[in-house]
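Participant:
In the working numbering, the protein residues as written are 30 to 595.
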């Protein structure tokens, strides 16, 4: 690339990107590697309002400003957000506002549809084939870069005190340890020994010196996260080109993206960096300096790739941490006045429900023994049970119901989110197709060996036949065949159970027998779950069949059935 071309590439950068390039180039020229002391001490930059992390190049924009200005806070917010909270800028000793010239511009991309002349709506692609989606995105959708200004929490008066970040004096980081163990067990095996750190694609192995060979634990974590970053390039993960030999341009670029990814992951994990660690962190300073000087966009491509690497690796953390399932032990009295114990768990719609069919145990030990057996069922695999108070259980149930309702609303009306990293339109189209495939996979139930033909008793078949000929027989058949008619699994299950109970009367055995032949029945759920549901729905239907004294009451009861079961 000629000097004229190099200047042209640099000149085309936005002012904020130019500043970032200048800062990193100065660091490299002063042998500081890509960053200096202070970049990671405060943690990853986050929104002071939502707590959401800034991604990609915005993360480096804000980290660079933190380093240059000596900020100790990792929270950022806009001027309008500050005013909405009733906060203001601090003033220095001379009475000058600390907000003057303190703003940092960050960027995001918004997709614009040239056909509709509006912000791109994913639903525009509904009904199109994959090829049609790709063509539409390529021909009609463009990415517009936009900007807004944010201020650091250190210059804000009234912002709550930042939560203290406790650091193990030894440098040990439990979250990092968890990721390392998971990665070695499930992704690329980590092998200790020798005096070099490297990733070998041919065997999909990470090789490291023994831990005691490193200056300190932060240096060890930085090194292993760097190599984990390389291993994400394997064809079974993010599938990057790792063919570049030592000293080649491809090799230098892969090292750059892995190094930036290690910075991002260390920020996310809260790993502290010592001065010695920073000085020893990079062996490719000159190569990076020359590549970025030749073409600054090499840096921004590496940042985008590093963000993908970070998200891929950090997503594994959710597989390490077991989901907590709360329960509450209830003390009650039986008809003889004896103390008995029951267990309640979270239910849908913000309620709680009895587990083990609400069976009363005479001792807590007997209850926990039976409850322990239930926890071993496949349905509860990966859950960590935790005893809480009834009030805490009810609060958790309401919280889950609200989250489920919010999720349903998001699925009903998906709005285009502002992206901080440019995503090619073709990738957006692929993402839409992927989301549709995921939704289909979640809703699917194995129905082999089920259906009306699997029912061997004529009276069972008669029930199905009668239910299918009612006013809403089409909905009954859709539910019976395993289709998702309502918002959640439990709503579909209860709706089918109620429709069957209308024709089975008080015959619980028949009700459950027919339900198990339907597409709503899931083998992974315990029998006690469906037995309790059958009792609930039979009780509900029995209430509907009682004489109703007034027209108003009749309307109210009918409305409940229509709204909750149709």
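All residues carry an ideal CB built from backbone N, CA and C; glycine is no exception. The model shown is predicted, which means the values in this text are computed figures rather than measured ones.
Looking only at DSSP bridge pairs, what is residue 181 linked to?
Facilitator: Position 152 of the chain shown, counted from the start, is the residue given in the question as residue 181. According to DSSP, residue 181 bridges with 105.
Participant: When you compare the CB positions of residue 181 and residue 131, do they come within less than 8 Å of one another, or not?
Facilitator: For the purposes of this step, residue 181 is identified with residue 152 of the chain shown, where counting begins at 1. For the purposes of this step, residue 131 is identified with residue 102 of the chain shown, where counting begins at 1. Taking 8 Å as the Cβ cut-off, residue 181 and residue 131 qualify as a contacting pair.
Participant: Report yes if the C-beta distance between residue 320 and residue 281 is below 8 Å; otherwise report no.
Facilitator: Here the question's residue 320 lines up with position 291 in the chain shown. Here the question's residue 281 lines up with position 252 in the chain shown. Yes; because the gap between Cβ atoms is below 8 Å, this pair is in contact.
Participant: Going by DSSP in three states, residue 148 sits in which element: helix, strand or coil?
Facilitator: For the purposes of this step, residue 148 is taken as residue 119 along the chain shown, with counting starting at 1. Here residue 148 sits in strand by DSSP.
Participant: Could you give the residue range of the beta strand (DSSP E) that holds residue 368?
Facilitator: As a position in the chain shown, residue 368 is number 339, starting the count at 1. That run of the beta strand (DSSP E) goes 368-375.
Participant: Can you give the beta carbon distance from residue 298 to residue 205, rounded, assuming they're within the 8 Å contact cut?
Facilitator: For the purposes of this step, residue 298 is taken as the residue at position 269 of the chain shown. For the purposes of this step, residue 205 is taken as the residue at position 176 of the chain shown. Rounded, the Cβ-Cβ distance is 5 Å, consistent with contact.
Participant: With a 10 Å radius around its C-beta and 16 neighbouring C-beta atoms as the bar for buried, classify residue 339 as buried or exposed.
Facilitator: As a first step, residue 339 is located in the chain shown; it is residue number 310 there, counting from the start. Per the 10 Å Cβ criterion, buried.
Participant: Anyone know if the C-beta pair for residue 219 and residue 253 falls short of 8 Å?
Facilitator: Within the chain shown, the letter at position 190 stands for residue 219. Within the chain shown, the letter at position 224 stands for residue 253. Yes, they are a contact pair.
Participant: Going by DSSP, what residues sit across from residue 381 in a beta bridge?
Facilitator: Locating residue 381 in the chain shown gives position 352, where the first residue counts as 1. Residue 381 is bridged to 375.
Participant: Among all the DSSP beta bridges, which residues are the ones paired with residue 174?
Facilitator: Locating residue 174 in the chain shown gives position 145, where the first residue counts as 1. Note: residue 174 sits in a beta bridge opposite 138.
Participant: Alpha carbon to alpha carbon, how far is residue 510 from residue 556?
Facilitator: Mapped onto the chain shown, residue 510 falls at position 481. Mapped onto the chain shown, residue 556 falls at position 527. Computed Cα separation, rounded: 20 Å.
Participant: Return the chain-ordered list of same chain residues with a C-beta closer than 6 Å to the C-beta of residue 349, the five sequence neighbours on each side being excluded.
Facilitator: Counting from 1 along the chain shown, the entry for residue 349 is found at position 320. Taken in chain order, the residues that qualify are 207 and 211.
Participant: Can you give me the start and stop residues for the beta strand (DSSP E) that residue 236 sits inside?
Facilitator: In the chain shown, residue 236 corresponds to position 207, counting from 1. Counting along the chain, the beta strand (DSSP E) containing residue 236 begins and ends at 234-237.
Participant: Counting contacts by CB-CB distance shorter than 8 Å, is residue 535 in contact with chain C?
Facilitator: Within the model displayed, chain C is absent; a lone protein chain is all it includes.
Participant: Give the DSSP-derived three-state secondary structure of residue 468 in the structure shown.
Facilitator: For the purposes of this step, residue 468 is identified with residue 439 of the chain shown, where counting begins at 1. Annotation note: pLDDT 39 at residue 468 (below 50); position unreliable, coordinate value reported separately. DSSP places residue 468 in helix when its eight states are reduced to three.
Participant: Where does residue 353 sit, in a helix, a strand or coil, going by DSSP?
Facilitator: Position 324 of the chain shown, counted from the start, is the residue given in the question as residue 353. Strand, per DSSP.
Participant: Residue 90 by DSSP, collapsed to three states: which one?
Facilitator: Translated into positions along the chain shown, residue 90 becomes position 61. Three-state result, residue 90: helix.
Participant: Per DSSP, which one or two residues make a beta bridge with residue 360?
Facilitator: Counting from 1 along the chain shown, the entry for residue 360 is found at position 331. Residue 360 pairs with 370.
Participant: Which two residues bound the contiguous beta strand (DSSP E) that contains residue 228?
Facilitator: Locating residue 228 in the chain shown gives position 199, where the first residue counts as 1. Looking at the DSSP string, the run of the beta strand (DSSP E) that includes residue 228 is 227-229.
Participant: Which residues does DSSP list as the beta-bridge partners of residue 75?
Facilitator: Your numbering for residue 75 matches position 46 in the chain shown. Per DSSP, 82 and 104.
Participant: Three or more C-beta pairs under 8 Å: does that hold for the region 138-155 against the region 121-130?
Facilitator: Touching, no, given that fewer than three Cβ pairs across the two stretches are closer than 8 Å.
Participant: Measure from the alpha carbon of residue 322 to the alpha carbon of each residue in 492, 50, 521 and 538, then state which is nearest.
Facilitator: By 1-based counting over the chain shown, the position of residue 322 is 293. The shortest C-alpha separation from residue 322 is found at 50.
Participant: Going by beta-carbon coordinates alone, are residue 426 and residue 376 separated by less than 8 Å?
Facilitator: Residue mapping note: residue 426 aligns to position 397 of the chain shown, counting from 1. Residue mapping note: residue 376 aligns to position 347 of the chain shown, counting from 1. It is a contact, given that the beta carbons lie within the stated cut-off.
Participant: How many angstroms separate the CA atom of residue 450 from the CA atom of residue 239?
Facilitator: Along the chain shown, read from residue 1 onward, the residue named residue 450 stands at position 421. Along the chain shown, read from residue 1 onward, the residue named residue 239 stands at position 210. Confidence at residue 450 is low in this model, with a pLDDT of 48, below 50, so its placement is unreliable and the value that follows should be read with caution. Roughly 37 Å between the two C-alpha positions.
Participant: Here's a check: name, in chain order, each residue in its chain whose Cβ is nearer than 7 Å to the Cβ of residue 414, leaving out the five neighbours to either side.
Facilitator: Counting from one through the chain shown, the residue named residue 414 turns up at place 385. Excluding positions up to five away in sequence, the list reads 354, 356 and 404.
Participant: Can you give me the C-alpha to C-alpha distance between residue 86 and residue 107, rounded to a whole angstrom?
Facilitator: One-based indexing of the chain shown puts residue 86 at position 57. One-based indexing of the chain shown puts residue 107 at position 78. Their Cα atoms are separated by approximately 18 Å.
Participant: Within this structure, are the beta carbons of residue 233 and residue 260 separated by less than 8 Å?
Facilitator: Locating residue 233 in the chain shown gives position 204, where the first residue counts as 1. Locating residue 260 in the chain shown gives position 231, where the first residue counts as 1. In contact: residue 233 and residue 260 (Cβ atoms closer than 8 Å).
Participant: Output the boundary residues of the alpha helix (DSSP H) element that contains residue 414.
Facilitator: Position 385 of the chain shown holds residue 414. That residue, residue 414, is in no alpha helix (DSSP H); its beta strand (DSSP E) goes 412-416.
Participant: So what's residue 245 in DSSP terms, helix, strand or just coil?
Facilitator: Here residue 245 refers to the residue found at position 216 when the chain shown is read from its first residue. Coil at residue 245, not helix or strand.
Participant: Could you compute how far the alpha carbon of residue 229 sits from the alpha carbon of residue 264?
Facilitator: Taking the first residue of the chain shown as 1, we reach residue 229 at position 200. Taking the first residue of the chain shown as 1, we reach residue 264 at position 235. Going by the C-alpha atoms only, they are around 13 Å apart.
Participant: In terms of residue numbering, what span does the beta strand (DSSP E) encompassing residue 388 cover?
Facilitator: Looking up residue 388 in the chain shown gives position 359. Per DSSP, residue 388 belongs to no beta strand (DSSP E) and is neither H nor E.
Participant: Identify the continuous beta strand (DSSP E) that holds residue 218 and give its terminal residues.
Facilitator: Start at 1 with the first residue of the chain shown, and residue 218 comes out as number 189. Its beta strand (DSSP E) spans residues 218-221.
Participant: Grab me the residues of residue 542's own chain with a C-beta within less than 7 Å of its C-beta, minus the 5 sequence neighbours each way, in chain order.
Facilitator: Mapped onto the chain shown, residue 542 falls at position 513. Counting only Cβ-Cβ distances below 7 Å, and skipping sequence neighbours, we find 489.
Participant: Taking the beta carbon of residue 75 as the centre, do at least 16 other beta carbons fall within 10 Å, making it buried, or is it exposed?
Facilitator: Against the chain shown, residue 75 aligns to sequence position 46. By the 10 Å Cβ count, residue 75 comes out buried.
Participant: For residue 102, does the count of other Cβ atoms within 10 angstroms reach 16, so buried, or fall short, so exposed?
Facilitator: Indexing the chain shown from 1 puts residue 102 at position 73. That one is buried.
Participant: Let me check understanding here. Comparing Cα to Cα, which of 114, 525, 571 and 518 lies closest to residue 508?
Facilitator: Your numbering for residue 508 matches position 479 in the chain shown. Ranking the options by Cα distance to residue 508, first place goes to 525.
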